[in-house]
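Chains as they are written, first to last, in this note's numbering: chain A, 594 to 1019; chain B, 594 to 1019.
Structure (structure tokens):
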């Protein structure tokens, strides 16, 4: 369904050089014999998830949609990026959906938190707090503040019906609190890391609250799961993408620039950045993931990509049919000179911008382009796309000889911060 | 006022090596004897701008604030990034200001444009269209659609009082149309390029509409103008930043990562990316500008920065006193374990996150850090900061031996696109 178009690569990858390596790694993933094997729960998740829990997710999402004006999603990193990406991509940026969704718990910014709390004072809001342990500092501070506000507004009993906790199945501070207060809880599976969790309750509950069909999303992921369960680099598009990244990295590219042509896909790039940056950026290795939105940023980083340092390649997600479209009207006076494209749709113009830019970057700029083509981006295809990137990331990280599922570097700032804050034991 | 703290650099720059070069370039800038000398209008702008026009800007901004619910800013690249950066930074992301500001004209996305047009159907809105020529394709398509909607809603005569055009003083399609329809016009000076235009009417009119004090912003810029009119690298902080960038570039760094600790500063980074990326990314040269917001993205690109490829250095904007603050409340049960920081402010915690991260990246990660320290970010200081970056960018580009004020690479995609769209002459 997704086409990985490698025709716009200037430096051609020879798949033969990768055949054996890819087979070996594919086997290691399936056998769970490689480093990080405790975190492969996402691999078969699209057909072995807990059906009962999915029903609860959908039922509670309907409850939230019927009873509240705002859902506040309280999480950081993998506990908000997937939901934000999906909600923006599938609803757009100026949605007429009745449920507003606000993200908190991802910052220590007093300015941001104070503004959100002020805004919520006069709204009927529910909370989805997402944390494996319940002690993630950014998230637990915001949750403490949100809970106080909600309890003050509607009382402790009502508040407990408006709080939904996504956390460990059995242990941890948040699970303990949820049990005590009677919050509905969803499970963050212990064998799935944060950046691989978008298709679990972590992502699915807020996505379902946004009115998006999560069954379709899981079906899309299942389609990808079946399609990419294939050791052959010559036919597996997911592994072709992984191998191309590896080839670029080994041939002096140090940045992968993720390009989309829709403002509402900007946060897909943010989700993708965490996935690849956190999976691969270790042991002094890895491509830096960066992103732009075109044609917007052709008037910003476009000059650099066209004509600056030759350090990057582009991975371009182009969706042929947008969610909505507009036709350019006729204008009698035509002072702006646009009548040559009157009655054309914006999607027509956007596609020409994409084709013109691709040619400019490839032919004139000598920039390698990997093109990911999809006919449309609905919830099915987005589920498929999420899975595509997750599996490609596992392959890519193993090709780089790093563990795709740990993040040792994230702990160091926390240790220093806890020491400075005077936390016991630091 | 701004402190450029170079103590967290691992690779130390010797200013002596740059003394003569910096003097020479400083002279070239002042004498207008270097390439791009037609575009130095920004240099003395903070004390030679048109006072009459500034009064008109403020007067019309008051009119917009009093008579409309929404201002739609219609521009691309330098014609929206500065205003967006300033408005988000100074009002925050969930403002209680009564005038909503929406950006359009920066995309061909039918989804985005259709959603915005739908949203505007039931709003009293004004338009600020910004384009030197009036034929920038993204901007003129959106403006054609916006104008039609507005004229349909309130009639042609009323619409002409709700449209404000920022354009060339004399010529071009937009100026012609504005004259014909009787729009209020503001001037986009012919000797100031888009990415250097935030302190002209391009930025100031939308910023003033947002209720921000533009006099203070210009005063801040004037302070910077005076402070950085100094050829001595040993005392000129602006040139120290430029020289440090150059040193990093020449010592195997290829990416500059711009870091802030407030979500509302995210678009300052976008403005900065255009400024440096478009000024320097030419002739196969230049640092790639990238950005993150911490602590948020410590749970995303943090791992890469800490422990991945050693290709980047960080430029960190840290503002000591945020716009708003919140205190962490006591919780009797303390299941989240946060009582050790009860009664502390978020700004206190955010500062410890900043200090802990700085140490982690510098000491453990061996990442060079340039720290830009400001006491607070009000409109005065933001005007100062804008000027600081613009002058640093001119110096930096000349050190790289490229013209800071052209963007030849932006034309290529346009030519290809016009050809594909069947525009005459392409």
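We put the CB at the ideal spot given by N, CA and C, even for glycine. Owing to the predicted nature of the structure, the values given are computational and were not obtained by experimental measurement.
- How is residue 938/B classed by DSSP in three states: helix, strand or coil? Position 345 of the second chain holds residue 938/B. Here residue 938/B sits in strand by DSSP.
- residue 932/B to residue 736/A, Cα distance in whole Å? Here residue 932/B is taken as the residue at index 339 of the second chain, counted from 1. Here residue 736/A is taken as the residue at index 143 of the first chain, counted from 1. Roughly 14 angstroms between the two C-alpha positions.
- Residues of the stretch 830–852 of chain B with Cβ closer than 8 angstroms to any Cβ of chain A, in chain order: 847 and 848
- Task: For residue 986/B, name the three-state secondary structure that DSSP assigns.
- Result: Residue 986/B sits at position 393 when you count from the first residue of the second chain. If DSSP states are grouped into helix, strand and coil, residue 986/B belongs with the helices.
- Leaving out five residues on either side along the sequence, give the residues of the same chain with a beta carbon under 8 angstroms from the beta carbon of residue 663/B. If you number the second chain from 1, residue 663/B lands on position 70. These residues qualify, in order along the chain: 692, 693, 694, 695, 713, 716, 717, 718 and 719.
- Item | Residue closest to residue 926/B, alpha-carbon to alpha-carbon, out of 773/A, 945/A and 925/A | Locating residue 926/B in the second chain gives position 333, where the first residue counts as 1. Comparing Cα positions, the closest option is 773/A.
- Query: Mind checking residue 828/A: buried by the 16 CB within 10 Å criterion, or exposed?
  - Reply: On the first chain, position 235 is the one that residue 828/A refers to. Under this definition residue 828/A is an exposed residue.
- Item | Where residue 963/A sits in the DSSP three-state scheme | Locating residue 963/A in the first chain gives position 370, counting from the first residue. In this structure, residue 963/A counts as strand in the three-state DSSP scheme.
- Task: Determine contact between the stretch 943–953 of chain B and the stretch 695–707 of chain A, defined as no fewer than three beta-carbon pairs at a distance below 8 angstroms.
- Result: yes
- Message: With a threshold of 8 angstroms, are at least 3 pairs of Cβ atoms found where one atom belongs to the stretch 1007–1017 of chain A and the other to the stretch 788–807 of chain B?
- Response: no
- Item | Contacts around residue 743/B, its chain only, beta-carbon distance under 8 angstroms, and the 5 residues preceding and following it disregarded | Here residue 743/B refers to the residue found at position 150 of the second chain. For residue 743/B, where only same-chain residues beyond five positions count, the Cβ hits under 8 angstroms are 718, 720, 752, 755 and 756.
- Residue environment, residue 915/A, which counts as buried when at least 16 other CB atoms sit within 10 Å: Stepping through the first chain from its first residue, residue 915/A is reached at position 322. Buried.
- May I ask you to report which of helix, strand or coil DSSP gives residue 785/B? Here residue 785/B refers to the residue found at position 192 when the second chain is read from its first residue. Reduced to three states, the DSSP call for residue 785/B is coil.
- Examine the Cβ distances between the stretch 896–911 of chain B and the stretch 842–849 of chain B and report whether three or more of them are shorter than 8 angstroms. yes
- Task: Taking 8 angstroms as the cut-off, decide whether the C-beta atoms of residue 604/B and residue 961/B are in contact.
- Result: Working through the second chain from its first residue, we reach residue 604/B at position 11. Working through the second chain from its first residue, we reach residue 961/B at position 368. Against a cut-off of 8 angstroms, the Cβ pair of residue 961/B and residue 604/B comes out as a contact.
- Under 7 angstroms Cβ to Cβ from residue 787/A, same chain only, skipping five residues before and after it: list those, please. Along the first chain, one-based indexing puts residue 787/A at 194. These residues qualify, in order along the chain: 670, 671 and 672.
- Query: For residue 695/A, which beta-bridge partners are listed by DSSP?
  - Reply: Taking the first chain and counting its residues from 1, the one referred to as residue 695/A is at position 102. Residue 695/A pairs with 665/A.
- Task: Could you have a look at residue 907/A and say whether DSSP puts it in helix, strand or coil?
- Result: Within the first chain, numbered from 1, the residue matching residue 907/A stands at position 314. DSSP places residue 907/A in strand when its eight states are reduced to three.
- Task: For the beta strand (DSSP E) holding residue 598/B, just list the boundary residues, first then last.
- Result: Taking the second chain and counting its residues from 1, one reaches residue 598/B at position 5. Counting along the chain, the beta strand (DSSP E) containing residue 598/B begins and ends at 596–598.
- Consider the Cβ of residue 911/B: report whether some Cβ of chain A lies at a distance smaller than 8 angstroms. As a position in the second chain, residue 911/B is number 318, starting the count at 1. Answer no: the Cβ-Cβ gap between residue 911/B and chain A never drops below 8 angstroms.
- Message: Using beta carbons (cut-off 8 angstroms, strictly below), is residue 952/B in contact with chain A?
- Response: Reading the second chain from its first residue, position 359 is the one you call residue 952/B. Cβ-Cβ to chain A under 8 angstroms: yes for residue 952/B.
- Whole angstroms is fine: what's the gap from residue 646/A's alpha carbon to residue 885/B's? Position 53 of the first chain, counted from the first residue, corresponds to residue 646/A. Position 292 of the second chain, counted from the first residue, corresponds to residue 885/B. In a straight line, the C-alpha of residue 646/A is about 35 angstroms away from that of residue 885/B.
- Message: Quick check: is the beta carbon of residue 1006/B nearer than 8 angstroms to any beta carbon in chain A?
- Response: Taking the first residue of the second chain as position 1, residue 1006/B is located at position 413. It does; some Cβ of chain A falls within 8 angstroms.
- Query: Looking at C-alpha atoms only, which residue of 730/B, 710/B, 824/B and 750/B is the closest neighbour of residue 1072/B?
  - Reply: Nothing can be reported for residue 1072/B, as the shown portion of chain B is limited to 594 through 1019.
- Item | Of the listed residues 761/B, 769/B, 793/B and 795/B, nearest to residue 783/B (C-alpha basis) | The residue labelled residue 783/B in the question sits at position 190 within the second chain. Closest option to residue 783/B, Cα to Cα, is 761/B.
- Message: Please tell me whether residue 686/A and residue 856/A are closer than 8 angstroms, where the distance is taken between their beta carbons.
- Response: In the first chain, the residue the question calls residue 686/A occupies position 93. In the first chain, the residue the question calls residue 856/A occupies position 263. Yes; because the gap between Cβ atoms is below 8 angstroms, this pair is in contact.
- Would you grab the beta carbon distance between residue 981/B and residue 595/B for me? Rounded to a whole angstrom, and I think it's under 8 angstroms. Residue numbering aside, residue 981/B sits at position 388 when the second chain is read from its first letter. Residue numbering aside, residue 595/B sits at position 2 when the second chain is read from its first letter. Yes, residue 981/B and residue 595/B are in contact; Cβ-Cβ is about 6 angstroms, under 8 angstroms.
- Roughly how many angstroms separate the alpha carbons of residue 815/B and residue 790/B, rounded to a whole number? Locating residue 815/B in the second chain gives position 222, counting from the first residue. Locating residue 790/B in the second chain gives position 197, counting from the first residue. Rounded to whole angstroms, residue 815/B to residue 790/B spans 15 angstroms at the Cα level.
- Item | Positions along the stretch 671–690 of chain B whose CB lies within less than 8 angstroms of some CB in chain A | 671, 674, 685, 686, 687, 688 and 689
- Query: Using the beta-carbon of each residue, which ones in chain B are nearer than 8 angstroms to residue 1003/A?
  - Reply: As a first step, residue 1003/A must be located in the first chain, where it is residue number 410. What residue 1003/A touches in chain B: 891, 892, 895, 896 and 899.
- Helix, strand or coil for residue 995/B, going by three-state DSSP, please let me know. Working through the second chain from its first residue, we reach residue 995/B at position 402. Residue state, collapsed to three classes: coil.
- By Cβ distance, which residues of its chain are closer than 7 angstroms to residue 958/A, with the 5 residues on each side in sequence left out? Here residue 958/A refers to the residue found at position 365 of the first chain. Excluding sequence neighbours, residue 958/A sits near 898, 899 and 900.
- Task: Can you pull the chain B residues whose beta carbon is under 7 angstroms from the beta carbon of residue 608/A, in chain order?
- Result: For the purposes of this step, residue 608/A is taken as residue 15 along the first chain, with counting starting at 1. Residues of chain B passing the Cβ test: none, with the nearest at roughly 25 angstroms.
- Task: Out of 623/B, 734/B and 1012/B, state which residue places its alpha-carbon closest to the alpha-carbon of residue 921/A.
- Result: Indexing the first chain from 1 puts residue 921/A at position 328. Residue 921/A has its Cα closest to that of 734/B, out of 623/B, 734/B and 1012/B.
- Anything in chain A within Cβ reach of residue 728/B, meaning under 7 angstroms, just list it in chain order. For the purposes of this step, residue 728/B is taken as the residue at position 135 of the second chain. Neighbours of residue 728/B on chain A, chain order: 929 and 930.
- Task: Within the same chain, show all residues whose beta-carbon is closer than 7 angstroms to that of residue 631/B, passing over the 5 residues directly before and after it, in chain order.
- Result: Within the second chain, the letter at position 38 stands for residue 631/B. The residues are 784.
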